[in-house]
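Residue numbers (the UniProt record's numbering): 1 to 319. Think of the CB as a built atom: it goes at the ideal place given N, C-alpha and C, for glycine as much as any other residue. Keep in mind it's a predicted model, so treat the numbers as computed, not measured. Structure, as structure tokens:
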């Protein structure tokens with residue numbers, strides 16, 4: 001079969017032939033229809049992810065959309081190594097195959113779950129977002145960030161503030177539901193001032209942090225300003241990513257004075273996860289949650305792998 005095959009960690013996979021899989025006990029054979037090129041897929045293949053493996057060669061890809069032998073269309077994950085989702089065929093554990101509704105096309109169904117659940121889970125499971133609360137998205141100009149804006153509104157947020165470094169994309173985020181934006185291209189003082197201004201009279205109840213590093217430090221500095229509105233309950237910051245840096249400088253006084261709570265995104269019980277997935281698909285089918293995609297033939301995997309992520313469209317590999 002045709003596949004995207006990884007031979008060396010940290011190098012792009014190559015388009016070549018690979019032995020076809022056979023489903024074992026508890027597995028199903030999947031004819032792959034589409035597989036999104038997510039940052040997590042590249043991280044695993046890069047060798048620095050906890051799921052990375054030097055058992056090579058192997059097919060890349062963590063999840064995707066495909067058709068089972070009974071004709072049903074599903075989103076799948078958990079392929080048995082050395083198989084992955086970027087191939088004509090793969091094998092997946094039966095419990096990790098979930099039906100995709102007819103109203104959601106292959107590209108959307110493949111591209112949506114990974115980045116969308118990165119905010120849906122933190123909002124519901126970790127932050128326990130309440131109707132009418134204000135959400136700040138740190139790192140809102142990528143695919144996950146744009147979805148976080150939509151999902152926060154979908155789950156009842158009254159106001160969403162989007163912060164990001166790509167000004168071109170930042171200027172479009174009102175189309176996704178952002179009520180205000182914060183550019184992250186200035187000095188620490190300028191960013192802190194912008195965070196304070198965007199907080200307005202509502203402050204921030206929930207902060208989804210895809211960045212960490214200097215932008216988060218600037219936000220925490222803003223919280224110590226006299227003109228920054230703080231609610232008595234204090235903001236809940238959910239740490240999701242570290243694309244702006246793995247460490248920050250944080251004073252104990254900031255936590256005390258702001259009443260700040262910092263938690264990881266966590267992971268809900270399996271049934272709750274499946275419920276979130278089903279509601280996500282329903283939202284996509286209704287046109288309430290969208291992701292911009294671009295189909296790329298499997299044969300062009302090397303070029304797609306090395307393409308710059310501009311934040312405009314999520315690349316989806318199609319066998």
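Start-to-end residues for the alpha helix (DSSP H) that takes in residue i
i, result
"residue 256", "252–258"
"residue 216", "213–222"
"residue 63", "Unbroken run through residue 63 is the beta strand (DSSP E), 63–67; no alpha helix (DSSP H)."
"residue 277", "270–285"
"residue 199", "188–199"
"residue 320", "Shown here, the chain extends from 1 to 319; a query on residue 320 therefore has no answer."
"residue 41", "39–46"
"residue 110", "106–111"
Nearest residue (CA-CA) to residue i, options the options
i, options, result
"residue 291", "276, 109, 199 and 63", "109"
"residue 73", "100, 79 and 58", "100"
"residue 160", "168, 123, 167 and 59", "123"
"residue 115", "168, 179, 136 and 37", "37"
"residue 16", "130, 192, 263 and 299", "299"
"residue 263", "216, 127, 198 and 231", "127"
"residue 54", "150, 82 and 98", "82"
"residue 283", "63, 52, 113 and 80", "113"
"residue 249", "212, 120, 266 and 243", "212"
"residue 136", "94, 173 and 111", "173"
"residue 19", "6, 1, 30 and 29", "1"
"residue 107", "120, 177, 293 and 306", "293"
C-alpha distance - residue i paired with residue j, whole-angstrom precision
i, j, result
"residue 145", "residue 240", "11 Å"
"residue 70", "residue 4", "26 Å"
"residue 103", "residue 27", "27 Å"
"residue 296", "residue 304", "7 Å"
"residue 175", "residue 22", "45 Å"
"residue 162", "residue 153", "12 Å"
"residue 68", "residue 280", "21 Å"
"residue 155", "residue 130", "8 Å"
"residue 314", "residue 147", "12 Å"
"residue 64", "residue 41", "11 Å"
"residue 66", "residue 75", "7 Å"
"residue 133", "residue 6", "45 Å"
"residue 97", "residue 272", "15 Å"
"residue 256", "residue 198", "22 Å"
"residue 251", "residue 186", "22 Å"
Collapsed DSSP secondary structure at residue i in the structure displayed
i, result
"residue 317", "strand"
"residue 264", "strand"
"residue 180", "strand"
"residue 142", "coil"
"residue 82", "coil"
"residue 158", "coil"
"residue 207", "strand"
"residue 174", "helix"
"residue 169", "helix"
"residue 97", "strand"
"residue 117", "helix"
"residue 2", "strand"
"residue 299", "helix"
"residue 152", "helix"
"residue 16", "strand"
"residue 126", "helix"
"residue 246", "coil"
"residue 89", "strand"
"residue 58", "strand"
"residue 230", "coil"
For residue i, the first and last residue of its enclosing beta strand (DSSP E)
i, result
"residue 31", "27–36"
"residue 237", "236–239"
"residue 77", "73–77"
Query raised in the report: Contact between the segment 213–223 and the segment 195–204: three or more CB pairs below 8 Å?
Result: They touch, by the three-pair rule.
Query raised in the report: For the 8 Å Cβ check, are there 3 or more pairs between the segment 33–47 and the segment 2–22?
Result: yes
Query raised in the report: Between the segment 22–35 and the segment 301–319, do at least 3 Cβ pairs fall closer than 8 Å?
Result: yes
Report task. Please determine if the segment 191–202 and the segment 213–220 are in contact, where contact requires at least 3 C-beta pairs separated by less than 8 Å. Result -> yes
Query raised in the report: Looking at C-beta atoms only, is the number of pairs between the segment 59–66 and the segment 75–93 that lie closer than 8 Å three or more?
Result: yes
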